[in-house]
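Here the structure is laid out as structure tokens; the discussion comes afterwards.
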Amino acid sequence: MKRIGVMTSGGDCPGLNAAIRAITRRAVNGHGFEVLGIEDAVAGLAQRRARPLSPTLIDLDGFDPMLSTGGTILGSINKPIDAVAADIEQGYLELGLDALIAIGGDGSLAILQEHARSGWNLVGIPKTIDNDVALTDRSIGFDTAVRTVTRACAQLRTTGVSHDRVMILETMGRGAGHLALASGIAGGADAILIPEIDWKLEGLVATVEATRRRRNHAFALVVVAEGARSPLGDTVTSTDVKGREHFGGVGSAIARALEEATEGRIEARATVLGHLQRGGEPSPMDAILATEFGIHAVDLVAEERYDTMVSLQGTRIEAVRLDDVVARGAALVDPAEEMAHTARSVGIYLGES
Ligand code: F6P
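So the mapping is simple: our numbering equals the position in the sequence shown, first residue as 1, plus 28.
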């Protein structure tokens, strides 16, 4: 009998609990393993904080909330902690783990893979609303976030049209524009600005003016990822009391620049969706993906195929080497491919590439 640890690491997203549920069911009922939920990612290892998980325990007498509840019952962290690597690595041994399933984004998986060199048996599951984990078509959380942003587009449209305004919706996505791009297409954006593609204010003004002429009113919808360049060509960030950098505010900078460039002919308003994008009930597609990933991850442990990550390749779940995932780094939007091509083909302004 194996004892497997499960942890969630990095920014939370909808579908994490559904993955924990699937892992627990498959491990206990399918393989007779024992499951320990590690609390707060590596902090739980450093401080030996873990609790047993069982299908009956998390089923809550049939209410089965894990499928539909956002967040993670195990807690998560997405900033460095005050612990030495040896403490974290020793935690794996002291908790008596035979394997660890880590549900994380590209940053977390890279850090955990480094720790795993101390002798851990690691299997990764990709999650992030940014969808920028390499070597998988999808990560848990992306589909739900696309739905959230798409709905926000629809709500901004009605007020924007009613007031003849350009509405600018700022999404998450520090380095990768997948979320803004997919949601902008689904939400009927006139322009989508992402970190991977440079854009010019004149290009955006021309798009907005053309949209105005076509529609006979000033409404236009612009979806911008938080990490996209501002009209001045820089990124818009602020620093918190601990000196950490946060993205946010590029939407307002663009609204201001649009108003100035058109001498007030255009009125613009910016909305920052922020952490609303990370919360809520997972979409059915995310609940399914989380379940499939969870089951496959446990099966990889059963087969002792470690240093791997479960991955969606088309419609199939495959195992890829964690080394290869980490070596690739964040998977960015390719300006010449797929979704970008789709956006341009329906007349959406993406910038100058
Ligand atoms: O990595 C996911 C992400 O959602 C980024 O797009 C965003 O910049 C970041 O998390 C925000 O994280 P925090 O919870 O630290 O504000």
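For every residue, glycine included, the Cβ atom is placed at its ideal position computed from N, Cα and C.
Quick one: what's got a C-beta closer than 6 Å to residue i's C-beta in the same chain, skipping five residues either side?
i, result
"Asp165", "Leu340"
"Leu221", "Trp227, Val252, Ala256"
"Ala298", "Ile196, Gly279, Ser280, Ala283"
"Ala173", "Ile157, Leu207, Gln305"
"Val70", "Ile116"
"Ser96", "Glu309"
Thinking residue i and residue j are a contact (beta carbons under 8 Å), I'd like their distance in whole angstroms, please.
i, j, result
"Gly279", "Leu197", "7 Å"
"Pro42", "Glu309", "6 Å"
"Asp160", "Arg31", "32 Å between Cβ atoms; not a contact."
"Val326", "Arg76", "Not a contact, Cβ separation roughly 23 Å."
"Ala318", "Ile168", "5 Å"
"Pro363", "Ile225", "5 Å"
Let me know if residue i comes out buried or exposed under the rule of 16 or more other beta-carbons within 10 Å of its beta-carbon.
i, result
"Arg241", "exposed"
"Phe91", "exposed"
"His303", "exposed"
"Met29", "exposed"
"Ser136", "buried"
"Ala74", "buried"
"Leu44", "buried"
"Ser146", "exposed"
"Arg175", "buried"
"Ser190", "exposed"
"Asn244", "exposed"
"Asn57", "exposed"
"Glu3", "Limits of the chain in this structure are 29 at one end and 381 at the other, which puts residue 3 out of reach."
"Asp218", "buried"
"Leu121", "exposed"
"Pro223", "buried"
"His143", "buried"
"Leu394", "Outside the shown range of the chain (29 to 381) lies residue 394, about which nothing can therefore be said."
"Asp262", "exposed"
What residues in its chain sit with their C-beta under 8 Å from that of residue i, if we drop five residues either side in the sequence?
i, result
"Ala347", "His324, Leu328, Arg333, Thr336, Met337, Val338, Ser339"
"Ile48", "Val34, Thr36, Gly65, Leu81, Ile86, Met94, Thr100, Ile101, Leu102, Ile131, Gly322"
"Gly39", "Ser104, Asn106, Gly133, Thr156, Ile157, Arg306"
"His274", "Thr265, Ser266, Thr267, Asp268"
"Thr178", "Ser211, Ala214, Gly215"
"Met367", "His206, Leu209, Ala210, Ile213, Val361"
"Gly357", "Asp134, Ala162"
"Arg79", "Leu64, Gly65, Glu67"
"Cys181", "Leu197, Ser211, Gly212, Ala214, Gly215, Gly216, Ala217, Leu249, Val251"
Is residue i near ligand 1, judged by its Cβ being under 7 Å from some heavy atom?
i, result
"Thr336", "no"
"Glu273", "no"
"Asp158", "yes"
"Arg202", "yes"
"Glu254", "yes"
"Gly133", "yes"
"Arg257", "no"
"Arg175", "no"
"Gly39", "yes"
"Asn45", "no"
"Arg306", "yes"
"Asn106", "yes"
Output needed for residue i: all residues of its chain with C-beta closer than 7 Å, excluding positions within five of it in sequence on either side, in chain order.
i, result
"Ile7", "As displayed, the chain neither begins before 29 nor continues past 381, which places residue 7 out of reach and without an answer."
"Leu229", "Pro259, Ala285, Ala289"
"Arg202", "Glu254, Gly255, Phe275"
"Arg372", "Leu378"
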